[in-house]
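This report concerns only the one structure given below.
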Amino acid sequence: MKRKERIDRGIKARCDDIYALLSLKEISYVVAPKVCFVLFILTIPLLKCFLGYYWERVFYLATLMAILAISWELLSYIGLISLGQAFVFGVGAYTSGILNINFHMPVLLSILLASVFGALICTLILFPASKIRGIYFAMITLCIPMFFSKMIEATEIFGGTSGISGVSSINNYYVEMYLAAFMLIGAFFCLRRLMSTDFGLLIRGIKDNEFSLMASGINIYKIKFFVIFLSSALGCFAGACMCHYYQFVGISAFSLDYSIIPLSCAILGGVDGFAGSLLGAFIVCPLSEMLRGFGTLRIVIYSILLIIFILLVPEGLFSYISRKYHQLERWKEI
Amino acid sequence: MERDIILEVRDLGKSFGGIKAIDSLYLSLKRGELLGIIGPNGSGKSTLVNIISGFLKPDKGKVLYKGLDITGMSPYKIANMGLVRSFQFIRPFYKIPVYKNVVISLCSERVKRLKGGKFGRRDEVAIDLLEELGFERDSRLLYKQTSELPHGYLRRVELARCIALNPELLILDEILSGMSKPEVASIIPIIKKLNEQGLSIIMVEHRIKELFQLAHRVVVLNFGRKIADSTPDKVVQDKMVKSAYLGKAEIKINFWR
C-alpha cells in the first residue's frame with residue numbers, strides 16, 4: 091500500500107512575506123520559477139546551432155503570441171473578454187508597415203511608434219465599447235477586425251488585398267530575438283507588479299463591481315482607458331514585430347487566427363497572473379508547428395489535443411503546476 | 002441660512018415607463034442632521050438615493066449639494082465631493098481580502114486631496130478604520146476573502162468603505178436590513194457617534210423602530226410623493242402614514258387609468 095504524503099506543508103506560509111528571506115531554501119523556493127522562466131527565454135536565441143533556424147523562428151513567433159496573450163489577459167482583468175485581439179495585432183502591423191514604407195522610418199523607431207500610435211487608435215475604438223461587457227463586448231470585438239479587413243479589401247487603401255510588401259526587417263538576428271524576449275519579460279514582470287499594487291486592486295475591482303468602485307469615488311473611465319491602452323500597446327508591439335519579420339503586412343494580420351491563439355493560450359495555461367497565458371503560448375505555437383506533418387489533419391488533431399487538455403486540466407496548466415509546486419508530495423509505503 | 006443646508010432636492014421627478022417612481026419631490030437637509038426616509042416597498046426610496054448619488058438621471062428637477070447643482074453628475078465625482086452612499090444590495094469586491102475593500106476607497110481623489118498625496122500606508126489606515134467598526138485587529142477575518150464573510154460583517158465593511166472617504170453627507174441605504182438584533186445594537190452607536198461628530202446622514206430604512214430612535218426628522222414617501230415630513234413622534238401619529246403602511250384605503254389605486 092502506498093499513499094501520498096506532503097513533504098513540506100509550511101513552506102508556502104513561510105514564503106508569504108518578508109520572512110522568505112530567512113534562509114536560502116525559502117529564497118530559492120520563491121525565486122527559482124522566475125529565474126527558470128527568464129533563463130529559458132534568454133537562452134533559447136543562443137541555441138541557434140542546436141535547434142536550427144526553423145525552430146528559432148517558431149520560438150520567435152511563440153514569443154510574439156505570448157505578448158499578445160498577455161495583452162488579452164490584461165483586458166480580461168477589467169472584465170472585457172475580447173475575441174478580437176487580431177484587431178490590435180493588425181493595427182500594430184499596418185501602422186508599423188506604413189511608417190516604415192511611407193515615412194521611411196528606421197525599423198526600431200517604427201515599431202516603437204506603432205506601439206504608441208497603434209495603441210491610441212485601438213483605444214479610441216475599443217474604449218466606447220468598454221461600457222458593455224461579457225458576451226456583448228466579445229461580439230463587438232469579433233466584428234471589428236473583420237470590419238477592418240473588409241474595409242481595406244473594398245476601398246483598396248493600404249495596398250488593398252495585396253498588402254504592403256518590402257517592409258524592411260531587423261537585420262540583426264540577435265536584436266530581433268532579444269527585442270521580443272526582453273519585451274516579454276519586461277511586460278510580464280511589470281504587469282504582475284502592477285496588479286499587486288493598490289492600482290491593480292482598482293483594476294480588479296472593475297471586474298468585480300464597477301458601481302461600488304464609482305461610489306468609492308474612483309474614476310473608472312480613467313482606469314479603463316489606461317488598461318485598454320496598455321493592452322493595445324502590447325498587442326500592437328507584437329503586430330509590428332510580426333510585420334517586420336515577414337517584411338510584409340496584408341489583411342491576413344486581421345485574420346481570426348490572431349484572435350483565437352491568445353484565447354487558446356489563456357485557456358490552456360489558465361488565467362493566473364499572466365504566467366498561464368505565457369506558458370500556453372509556448373505550448374500552443376510549437377505544438378501547431380509540430381503537427382504540420384499531418385497536412386490538413388493538423389487542425390483536427392490540434393483541436394482534439396486542445397479539448398483533451400481542457401477536459402483534463404480545466405483550471406489551466408499553469409494553475410495546475412503551481413498548485414502542485416506548492417504542495418510538495420511523495421509516495422510513502424504504509 | 003443657505004449655508005446650513007447641505008442637500009436640497011427641488012421638484013424631482015423620475016419615471017420608469019409609465020410608473021412615476023418619484024413625483025415632484027422637495028427635500029432639504031440641514032448640516033449635521035440625521036434624516037430618516039421610510040416608505041412602503043416601491044415608494045421610490047432607492048430611486049431617490051440613486052438619483053442623489055448620480056447613478057440615475059432624473060427626468061426633471063434639481064439636486065443641490067452645498068449649493069452646487071450636482072444633477073446628472075458622474076457618481077465618482079459626487080463621491081469625491083463628499084456625498085457618499087452605501088448600497089442596499091451590498092456590493093463589496095468579492096475576490097480580495099476584506100480590508101482591501103476599504104483600501105479601494107482610500108485610493109480615491111478625495112482622500113488624496115484631503116490627506117495630501119501619499120499618506121502613511123493605506124493598509125494600516127484601512128485596518129484601523131475597520132477596528133473602529135468592531136472588527137478585531139488581529140483576527141483572520143480581516144484577511145479572508147470577502148466572499149467568505151457573513152452578511153452582518155459585509156454591511157459593516159460597506160459602512161467602512163463609505164466612512165473611509167471622509168464624507169460630509171452619508172446616505173445609508175437600508176444598512177440595518179438583514180442584520181440580527183445584536184448586530185443592529187452594535188452598529189447603531191457607531192452611526193450615532195458619526196452623527197454627533199457633525200456628519201449629516203440620510204438613512205433609508207425598513208426597521209422603523211431603530212430608525213425612530215436615531216432620526217431627528219423622518220420623511221415618509223409613498224408612490225414617489227412625500228406624504229409626511231416631521232419629527233419621529235409626530236410621524237407615528239400621522240393618518241396618511243398609517244394608511245400607507247396598513248393599507249386603509251384612503252388612497253385608491255385606479256388600475257384602469
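Sequences listed follow chains Z and E, in order.
Under our numbering, the first residue of the first sequence carries the number 91, and numbering increases by one thereafter.
Under our numbering, the first residue of the second sequence carries the number 2, and numbering increases by one thereafter.
Ideal placement from N, C-alpha and C gives every residue a C-beta, glycine not left out.
Name the two residues that bound the continuous alpha helix (DSSP H) containing residue i.
i: Z/D452; result: The shown model of chain Z, from 91 to 424, leaves out residue 452 of chain Z, and the question about it has no answer.
i: Z/E266; result: 263-286
i: Z/N192; result: 175-192
i: Z/E428; result: Look at the range of chain Z in this structure, 91 to 424, and you will see that residue 428 of chain Z is not part of it.
i: Z/R147; result: 138-167
i: E/R111; result: 110-116
i: E/M78; result: Residue identity check: residue 78 of chain E is Lys in the sequence provided, not Met. Counting along the chain, the alpha helix (DSSP H) containing E/K78 begins and ends at 76-81.
i: E/E211; result: 209-215
i: E/N51; result: 46-53
i: Z/L114; result: 114-133
For residue i, does the three-state DSSP call read helix, strand or coil?
i: E/Y95; result: coil
i: E/K182; result: helix
i: E/D124; result: helix
i: Z/I254; result: strand
i: E/A229; result: strand
i: E/G19; result: coil
i: Z/M304; result: helix
i: Z/E379; result: helix
i: E/Y246; result: helix
i: Z/D298; result: helix
i: Z/L418; result: coil
i: E/I7; result: strand
i: E/D129; result: helix
i: E/Q89; result: coil
i: E/Q146; result: strand
i: Z/K221; result: coil
i: E/S25; result: strand
i: Z/F338; result: strand
i: E/R157; result: helix
i: E/L30; result: strand
i: E/R138; result: coil
i: E/D239; result: coil
Please check the pair residue i and residue j, which I expect to be a contact at CB under 8 Å, by giving their CB distance rounded to whole angstroms.
i: E/G62; j: E/L13; result: 4 Å
i: Z/M273; j: Z/F316; result: Z/M273 to Z/F316, Cβ: 19 Å. No contact.
i: Z/L291; j: E/I176; result: Z/L291 to E/I176, Cβ: 24 Å. No contact.
i: Z/A159; j: Z/C355; result: 4 Å
i: E/M204; j: E/G83; result: Rounded, the Cβ-Cβ distance is 17 Å, inconsistent with contact.
i: Z/F179; j: Z/Y348; result: 5 Å
i: Z/P235; j: Z/G329; result: Z/P235 to Z/G329, Cβ: 11 Å. No contact.
i: Z/C105; j: Z/V125; result: Their Cβ separation, rounded to whole angstroms, is 15 Å, which puts Z/C105 and Z/V125 out of contact at 8 Å.
i: E/G225; j: E/D24; result: 4 Å
i: E/V126; j: E/L107; result: 6 Å
i: E/L69; j: E/N196; result: Not confirmed; about 23 Å, so no contact.
Using only the heavy atoms of the ligand SAM, determine whether one of them is closer than 6 Å to the beta carbon of residue i.
i: E/I164; result: The ligand SAM is not among the ligands present in this structure, which contains no ligands whatsoever.
Going by beta carbon distance, what residues of the same chain come within less than 7 Å of residue i, once the five residues before and after it are set aside?
i: Z/S345; result: A176
i: E/N51; result: L57
i: Z/R223; result: G169, L170
i: E/I189; result: E211, L215
i: E/V236; result: V219, V221, A229, V242
i: Z/R282; result: G363, F364
For the beta strand (DSSP E) that residue i lies in, which residues bound it at each end?
i: E/L170; result: 170-174
i: Z/I389; result: Per DSSP, Z/I389 belongs to no beta strand (DSSP E); it is in the alpha helix (DSSP H), 388-402.
i: E/Y66; result: 61-66
i: E/G37; result: 35-39
i: E/S201; result: 201-205
i: E/N167; result: Here E/N167 belongs to no beta strand (DSSP E), and DSSP marks it neither H nor E.
i: Z/K94; result: 92-96
Tell me which same chain residues have a C-beta within less than 8 Å of the C-beta of residue i, skipping the five on either side of it?
i: Z/T386; result: none
i: Z/G250; result: I242, E243
Leaving out five residues before and five after residue i in sequence, what residues of the same chain have Cβ atoms less than 6 Å from its Cβ?
i: Z/A323; result: S205, A209
- prompt: Any residues in the stretch 106-118 of chain E with a beta carbon nearer than 9 Å to a beta carbon of chain Z? Which ones, in chain order?
  reply: S106, L107, C108, S109, E110, R111, V112
- request: May I ask you to list, following chain order, the residues of the stretch 13-30 of chain E that have a beta carbon less than 8 Å from some beta carbon of chain Z?
  value: Residues passing the 8 Å Cβ filter: none.
query: the stretch 301-330 of chain Z: which residues have C-beta closer than 9 Å to a C-beta of chain E, in chain order?
result: Going along the stretch 301-330 of chain Z in chain order, one finds F301, S302, L303, M304, A305, S306, G307, I308, N309, I310, Y311 with a Cβ nearer than 9 Å to chain E.
task: Please name the residues in the stretch 211-240 of chain Z whose beta-carbon is closer than 7 Å to at least one beta-carbon of chain E, in chain order.
output: Of all residues in the stretch 211-240 of chain Z, none has a Cβ within less than 7 Å of some Cβ in chain E.
- prompt: For the stretch 35-60 of chain E, which residues have a CB atom closer than 9 Å to at least one CB atom of chain Z, in sequence order?
  reply: S54, G55, F56
task: Check distances from the C-beta atoms of the stretch 69-82 of chain E to those of chain Z and list, in chain order, the residues that come in under 9 Å.
output: Legend: CB atoms of the stretch 69-82 of chain E lying less than 9 Å from CB atoms of chain Z belong to residues S75, P76, Y77, K78, I79, A80, N81, M82.
message: Taking beta-carbon pairs under 9 Å, can you tell me which members of the stretch 378-412 of chain Z lie near chain E?
response: none
query: Taking any Cβ of chain Z, which residues in the stretch 164-175 of chain E have a Cβ under 7 Å from it, in chain order?
result: L166
field: Members of the stretch 280-299 of chain Z that neighbour chain E once the beta carbon cut-off is set at 9 Å
entry: Within the stretch 280-299 of chain Z, contact with chain E at the beta-carbon level (separation under 9 Å) is assigned to D288, F289, L291, L292, R294, G295, K297, D298, N299.
task: Would you list, in chain order, the members of the stretch 187-201 of chain E that have their beta-carbon closer than 7 Å to a beta-carbon of chain Z?
output: none
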